[in-house]
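S.K.: Under the working numbering, think of the first position of the sequence shown as 7, with each following residue one higher.
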Amino acid sequence: MSVPTMRLGDCCEIVSGATPKTGVAEYWDGEICWATPKDLSDLQGKHIGDTPRKITDVGLSSCAAAVLPVGSVLLSSRAPIGHVAINTRPMATNQGFKSLVPDPGRVDANYLYYWLRSHRSQLEYMGNGATFKELSKAVVAEIKVPFPAIHEQQRVARVLDEADALRAKRRAAIALLDDLAQAIFFDMFGDPGARTGRWPVSDIASISTQVTDGEHLTPKRTSSGIKLLSARNVQDGFIDFEKVDYVGPSEYARISRRCDPRPGDVLVSCSGTIGRVAIVETEEPLSLVRSVALIKPDHSLVTSQYLAALMRTPALKARMQQSAKASSQANLFQGPIRKLPVPLPPLELQQDFGVRLQSVSRSKERQFAGLAGLDDLFGSLQQRAFRGELWKDRGI
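1) DSSP three-state label for residue 89, please.
2) Tell me the start and end of each unbroken alpha helix (DSSP H) in the region 9-67 that is at least 4 residues and wholly inside, in chain order.
3) CA-CA distance, residue 57 and residue 358?
4) Can you have a look at residue 164 and say buried or exposed, based on whether 16 or more other CB atoms are within 10 angstroms of its CB?
5) Specify the secondary structure class of residue 299 as computed by DSSP and reduced to three states.
6) Which residue's Cα is closest to the Cα of residue 30: 67, 54, 87 and 51?
7) Spell out the partners DSSP gives residue 97 in its beta bridges.
8) Work out the CA separation of residue 115 and residue 39 for me, nearest whole Å.
9) Does the region 372-387 come into contact with the region 222-238, if we say contact requires no fewer than three beta-carbon pairs (one atom in each stretch) closer than 8 angstroms?
10) Return the CA-CA distance between residue 309 and residue 37, expressed in angstroms with no decimal places.
11) Roughly how many angstroms lie between the CA atoms of residue 340 and residue 155, to the nearest whole one?
12) Would you identify the three-state DSSP class for residue 403, choosing helix, strand or coil?
13) May I have a chain-ordered list of the beta strand (DSSP E) segments no shorter than 3 residues that lie completely inside the region 303-387?
14) My parser needs the alpha helix (DSSP H) runs of 4 or more residues fully inside the region 106-150; what are they?
15) To the nearest angstrom, how far is the alpha carbon of residue 352 from that of residue 366?
16) Kindly identify the DSSP beta-bridge partner or partners of residue 216.
17) Might you give, ordered along the chain, the residues of its own chain that have their beta carbon closer than 8 angstroms to the beta carbon of residue 207, omitting 5 neighbours on each side?
18) So, using beta-carbon positions, are residue 91 and residue 46 closer together than 8 angstroms?
19) For residue 298 and residue 158, what's the separation of their Cα atoms in angstroms?
20) Beta-carbon within less than 7 angstroms of residue 322's beta-carbon, same chain only, minus the 5 sequence neighbours each way: which residues are those?
21) Between the Cα of residue 34 and the Cα atoms of 15, 44, 60 and 24, which residue gives the shortest distance?
22) Entirely within the region 147-198 and at least 4 residues each: give me those alpha helix (DSSP H) ranges in chain order.
23) Taking the beta strand (DSSP E) that residue 275 falls in, what are its first and last residues?
24) Are there 16 or more other CB atoms within 10 angstroms of the CB of residue 209, so buried, or fewer, so exposed?
25) For residue 296, count neighbouring Cβ atoms within 10 angstroms of its own Cβ and tell me buried if that reaches 16, exposed if not.
26) Starting from residue 256, follow the alpha helix (DSSP H) in both directions and report where the run begins and ends.
27) To the nearest angstrom, report how far apart residue 111 and residue 280 are at their CA atoms.
28) Buried or exposed, going by whether 16 or more other CB atoms sit within 10 Å of the CB of residue 221?
29) Residues bridged to residue 103 by DSSP?
30) Considering only their Cβ atoms, is the gap separating residue 188 from residue 318 smaller than 8 angstroms?
31) Which residue marks the beginning of the beta strand (DSSP E) containing residue 246, and which one marks its end?
32) Cβ of residue 25 within 8 angstroms of Cβ of residue 100?
33) Taking 6 angstroms as the limit between beta carbons, can you name the residues of its chain near residue 153, skipping five residues before and five after?
34) In three-state terms, what does DSSP make of residue 238?
35) Which residue marks the beginning of the beta strand (DSSP E) containing residue 209, and which one marks its end?
36) Can you find the residues in the same chain that come closer than 6 angstroms, C-beta to C-beta, to residue 251, ignoring five residues on each side of it along the sequence?
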C-alpha cells in the first residue's frame, strides 16, 4: 500500500538552538536542561530526561535558544548529524540541533523518532557546508516522511518499541555476564586500586606495541563499505555495530595508516562516556575516529582479556575519567592512557583467567547471536513499517 508523505515543515515546528556566552556565570548552572549532540551520542534508549549542563532563565533570554516542550524530537544537525531523542522534560539545546515539535494531530513523536533514526545516512548526505556538514532549517523542512494515519503511526511505534525492548533485554543479559567476568577478575587478581604490591606495576605504554587513536579529520562517510567506529560503538565488553557509519576503500586505506584494528586489540571510548573498553574480535577491517583509542597489547607481557578486564575495573575507569575532566575538551587523550598503571601478574595466571572466562564468553556469544537476530528483525520491521507493509501479510 502507498503511504502518503508530508514535508516536515508542514507538520512540525522546526526549532534551532543556541549557546549562552560561556564566560558569563549567571547564564549557567540554572534549572533549564540544555542538550548538546554529545549528550545524545551515548544515550541508551530513545528518551532524554536530563543533561550534564543547565542554563538559567537569564541565559536562555540572552541567546536564540528556546525551550522545547515534552515530546519533541531532538535531531542533531551537526557534529554529528542524525542523533535523535525524545525529551521527557522541557529543555533547550545548543546550535547543533534542528529539533521538531510535532503537530500532535498528525504526527506521532515516537514514529518520527524511529523514521529519523533509520534514515541517518540519508540525513548525513543532506548536510552541506565547506568546513563541516550541517543540516539547515530549510533542508529539514523539505524532508518528506511517509505518515500514515495517526493511529497507524502509533501502532507502528508500539511494535518497534516492543522489538527494541527485546534487544535491550539481550544487552542487559550481556551486561550481567560482564559483571560475572569482573567478579572472576577480582577473585584472581584483587582490586588494582588497593595497591597491595602483590604484582610489579608497569604502564600501558610499556606493555603495548602501539597506543594511538582514530582519524582526527572528518572522514568521508558512505552509505556502505567498511565500518567506521566512534565512541558510541565501544561498549563495555563488546562493539555495538547497530549505529555504525561507513567509509569507502580509499578512505579506509588512508585512515588505516594511522590505526588498523586487528583481533585482540583493545578499544577505549575517549569522549561521551569515557573509558568503555572492548576487545576487537572480528577479522573484518575496521576504521576509527578520534573518539576511540586503540591499544595493541604486547602478548609476551599481557593477554587481551586481562588488559581489557583491568581497564574496566572501577579504579582504572576513575583514572581515565579524571584525566578527561582535567582536559579543557573533556576528552581522554593518548598521554593519560599511556600512563595508566598495569599490575603484571604472571602470564600463566593471566592465561588461566582467559580459560575461566571461556564459559562466560560462550554464554555471551549465544546472547550476541540472539541479539544479532533481533537486530535483523528490528531492521526488517522498520523497513516494512515505513513502506506501509507491516501488516500486509495478515490482511490488516
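Each residue gets a CB set at the ideal place from its N, CA and C atoms; glycine is no exception.
M.R.: On the basis of the supplied data:
1) strand
2) 14-17, 43-47 and 63-67
3) 43 angstroms
4) exposed
5) strand
6) 67
7) 39 and 74
8) 20 angstroms
9) no
10) 47 angstroms
11) 52 angstroms
12) This structure cannot settle anything about residue 403, because the visible part of the chain is limited to 7 through 402.
13) 347-349
14) 115-124, 126-132 and 143-148
15) 22 angstroms
16) 302
17) 347, 348, 349 and 350
18) yes
19) 40 angstroms
20) 198, 316 and 346
21) 60
22) 156-195
23) 272-275
24) exposed
25) buried
26) 255-262
27) 41 angstroms
28) buried
29) 82
30) yes
31) It is not in any beta strand (DSSP E) - residue 246 carries neither H nor E in the DSSP assignment.
32) yes
33) 12
34) helix
35) 207-209
36) 227 and 234
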